[in-house]
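Novice:
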Amino acid sequence: MLLSQSFTLSTPSECEIQVTREFNAGRELVFDAFTKPELVRRWLLGPPGWTMPVCEIDLRVGGAYRYVWRSEIDGSQMAVGGVFRDVILRERLVASEKFDDAWYPGEALVTTVFVEMKGITKTTIVVRYESREARDTARRSGMEYGMAAGYDRLEELLPKVTGART
Amino acid sequence: MDESGYGRAASNRLDRTFAALANPTRRALLARLASGTLAVGELAEPLSLSQPAVSRHLKVLERAGLISSGSDAQKRPRTLDARPLAQATAWLETYREYWEASFGRLDGLLSELKTTKTKPKRTARKKR
Chain H
97 MLLSQSFTLS
107 TPSECEIQVT
117 REFNAGRELV
127 FDAFTKPELV
137 RRWLLGPPGW
147 TMPVCEIDLR
157 VGGAYRYVWR
167 SEIDGSQMAV
177 GGVFRDVILR
187 ERLVASEKFD
197 DAWYPGEALV
207 TTVFVEMKGI
217 TKTTIVVRYE
227 SREARDTARR
237 SGMEYGMAAG
247 YDRLEELLPK
257 VTGART
Chain C
3 MDESGYGRAA
13 SNRLDRTFAA
23 LANPTRRALL
33 ARLASGTLAV
43 GELAEPLSLS
53 QPAVSRHLKV
63 LERAGLISSG
73 SDAQKRPRTL
83 DARPLAQATA
93 WLETYREYWE
103 ASFGRLDGLL
113 SELKTTKTKP
123 KRTARKKR
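Taken in sequence, the protein lines are chains H and C. Under the working numbering, think of the first position of the first sequence as 97, with each following residue one higher. Under the working numbering, think of the first position of the second sequence as 3, with each following residue one higher.
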């Protein structure tokens, strides 16, 4: 079953960004994939070319998590961490989020909700920034990251294109 | 990363772009300008708006860098500039790309976990 069509991205308020997606698996598996380090590091990688050498998750209220991504192309790193504010197993996670090199004020609060229906688990992620200014700054850094990834892909693509030309 | 003036300027520009777009009349004006350069009078007519009202909206669009005005002071022809629009959608696109790539990988991981968790008694059902 292909559920990639179920992806939505929206800005419910001027401080928030919301992502939803359905997965062809029960809540338990999806929850595990979001909270077990050995699973998280296998998929939460964004565009191709990144790995997650550090993935630590202390899944309890007050427990910390930390992710470090590394670009396999130029070795650059990106890190984020935070503390769980609410943990309801297989249902809901609330955690603070702060990137190491983020200069926007305060932290973001990430709420992830898992709802299962007939073997399909709908996952909703809401990232709430402390202010609109913070969200705008955060999304700009995301833009730079995305552009870097875009260039990486371009590099991958270029030999193919030139190869096709000859 | 540095807190460069460029970064802040880019962020402010995005703000202005979004604010400018958050109005149906201004979006209608942009849509009309997409087909070519038009003078204020030509823009006002089909929208049944007064010229001063249109001018006010145009000023907002201009501050956001979405349009530029020509040199003819009398007619003040306006031209659409799509660059800020492309920038405004770029940050959402980045989020989309990040999550879509990640979720695509998660799909694969979940189906792998499903097959390892369920006993391999029943043969994998072929779905189309």
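Glycine is no exception: its CB is placed at the ideal position from the N, C-alpha and C atoms.
Short check: CB of H:W146 to CB of H:R117, under 9 Å?
Specialist: As a working note, residue 146 of chain H is residue 50 in the first sequence. As a working note, residue 117 of chain H is residue 21 in the first sequence. No, the pair does not count as a contact, with Cβ atoms beyond the cut-off.
Novice: Comparing the C-beta of C:R80 with each C-beta of chain H, is any distance below 9 Å?
Specialist: The count along the second sequence starts at 1 and reaches residue 80 of chain C at position 78. C:R80 does not count as touching chain H.
Novice: Residues in the same chain with beta-carbon distance under 6 Å from H:Q114, minus the five sequence neighbours each way, listed in chain order, please.
Specialist: As a first step, residue 114 of chain H must be located in the first sequence, where it is residue number 18. For H:Q114, where only same-chain residues beyond five positions count, the Cβ hits under 6 Å are S106, P108 and V222.
Novice: Should the stretch 142-161 of chain H be called in touch with the stretch 200-211 of chain H, which here means at least 3 C-beta pairs below 8 Å?
Specialist: In short, these stretches do not touch, since the Cβ pair count stays below three.
Novice: Kindly identify the DSSP beta-bridge partner or partners of H:L189.
Specialist: Position 93 of the first sequence, counted from the start, is the residue given in the question as residue 189 of chain H. DSSP lists H:V183 and H:T208 as partners of H:L189.
Novice: To which residues does DSSP link H:T116 through a beta bridge?
Specialist: Within the first sequence, numbered from 1, the residue matching residue 116 of chain H stands at position 20. BP columns for H:T116 point to H:T104 and H:T220.
Novice: CB H:V176 to CB H:E193, shorter than 9 Å?
Specialist: Here residue 176 of chain H corresponds to residue number 80 of the first sequence, with the count starting at 1. Here residue 193 of chain H corresponds to residue number 97 of the first sequence, with the count starting at 1. Cβ atoms of H:V176 and H:E193: closer than 9 Å.
Novice: On the CB-based measure, 16 or more other CB atoms within 10 Å of its CB, does H:I184 come out buried or exposed?
Specialist: Residue 184 of chain H sits at position 88 when you count from the first residue of the first sequence. Exposed, because fewer than 16 other Cβ atoms sit within 10 Å of the Cβ of H:I184.
Novice: Does chain C have any CB closer than 9 Å to the CB of H:I113?
Specialist: In the first sequence, residue 113 of chain H corresponds to position 17, counting from 1. Closer than 9 Å to some Cβ of chain C, the Cβ of H:I113 qualifies, so yes.
Novice: Measuring CA to CA, which of C:V62, C:E114, C:E99 and C:N25 is closest to C:R15?
Specialist: The sequence position of residue 15 of chain C within the second sequence is 13, counting from 1. Considering only alpha carbons, the answer is C:V62.
Novice: Please list, in chain order, all residues of the same chain as C:T27 whose beta carbon is under 6 Å from its beta carbon, the five residues on each side excluded.
Specialist: Here residue 27 of chain C corresponds to residue number 25 of the second sequence, with the count starting at 1. Cβ within range, chain order: H59.
Novice: Whose C-beta lies closer than 6 Å to the C-beta of H:V209 among residues of the same chain, with five residues either side of it excluded?
Specialist: By 1-based counting over the first sequence, the position of residue 209 of chain H is 113. So the list reads R188 and T220, once near-sequence residues are dropped.
Novice: Work out the CA separation of H:L125 and C:L115 for me, nearest whole Å.
Specialist: Along the second sequence, read from residue 1 onward, the residue named residue 115 of chain C stands at position 113. Along the first sequence, read from residue 1 onward, the residue named residue 125 of chain H stands at position 29. Roughly 8 Å separates the two Cα atoms.
Novice: Using beta carbons (cut-off 9 Å, strictly below), is C:L111 in contact with chain H?
Specialist: Residue mapping note: residue 111 of chain C aligns to position 109 of the second sequence, counting from 1. Closer than 9 Å to some Cβ of chain H, the Cβ of C:L111 qualifies, so yes.
Novice: For H:G215, count the other beta carbons within 10 Å of its own beta carbon; 16 or more makes it buried, fewer makes it exposed. Which is it?
Specialist: Translated into the one-based positions of the first sequence, residue 215 of chain H becomes position 119. So H:G215 counts as exposed.
Novice: Distance check for H:E229 and H:E110, CA to CA, integer angstroms please.
Specialist: The sequence position of residue 110 of chain H within the first sequence is 14, counting from 1. The sequence position of residue 229 of chain H within the first sequence is 133, counting from 1. About 9 Å.
Novice: Could you name the residues of chain C that H:F119 contacts, counting a contact when the two beta carbons are closer than 9 Å?
Specialist: Sequence index remark: in the first sequence, residue 119 of chain H carries index 23 (1-based). Those within 9 Å of H:F119 in chain C are F105, L108, D109 and L112.
Novice: Can you list, in chain order, the residues of the stretch 127-149 of chain H whose Cβ is nearer than 8 Å to any Cβ on chain C?
Specialist: Those residues of the stretch 127-149 of chain H that come within reach of chain C (Cβ to Cβ, closer than 8 Å) are D128, A129, L135, R138, W139, L140, L141, G142, P143 and P144.
Novice: Please report the residue range of the alpha helix (DSSP H) in which H:P133 lies.
Specialist: On the first sequence, position 37 is the one that residue 133 of chain H refers to. That run of the alpha helix (DSSP H) goes P133 to W139.
Novice: Closer than 8 Å by C-beta to H:V150: which residues in its own chain qualify, once you throw out the five before and the five after it? Chain order, please.
Specialist: Within the first sequence, the letter at position 54 stands for residue 150 of chain H. Contacts found: R162, Y163, V164 and A175.
Novice: By the 10 Å Cβ neighbour count, where 16 or more other Cβ atoms means buried, how is C:T117 classified, buried or exposed?
Specialist: On the second sequence, position 115 is the one that residue 117 of chain C refers to. Exposed: under 16 other Cβ atoms inside 10 Å.
Novice: So, at 7 Å on beta carbons, what are the nonlocal neighbours of C:S57 in its own chain, with the 5 sequence-adjacent residues on each side left out?
Specialist: Within the second sequence, the letter at position 55 stands for residue 57 of chain C. Closer than 7 Å at Cβ, skipping near neighbours: V42.
Novice: Leaving out five residues before and five after H:K218 in sequence, what residues of the same chain have Cβ atoms less than 7 Å from its Cβ?
Specialist: Numbered from its first residue, the first sequence carries residue 218 of chain H at position 122. Taken in chain order, the residues that qualify are T116, E118 and V211.
Novice: Any idea what DSSP makes of H:T99, helix, strand or coil?
Specialist: If you number the first sequence from 1, residue 99 of chain H lands on position 3. In the sequence as displayed, the identity of residue 99 of chain H is Leu instead of Thr. Of the three classes helix, strand and coil, the one that applies to H:L99 here is coil, per DSSP.
Novice: Excluding five sequence neighbours on each side, which residues of the same chain lie with their C-beta closer than 6 Å to the C-beta of H:V136?
Specialist: Counting from 1 along the first sequence, the entry for residue 136 of chain H is found at position 40. Excluding sequence neighbours, H:V136 sits near C151.
Novice: Is there a Cβ from chain H that is less than 9 Å from the Cβ of C:R98?
Specialist: What you label residue 98 of chain C is simply residue 96 of the second sequence in a count that begins at 1. For C:R98, the answer is yes, since a Cβ of chain H falls inside 9 Å of its Cβ.
Novice: Give the interface partners of C:L115 over in chain H, defined as CB-CB distance under 8 Å, in chain order.
Specialist: Translated into positions along the second sequence, residue 115 of chain C becomes position 113. By Cβ distance, chain H contributes A121, L125, D128, A129 and L135.
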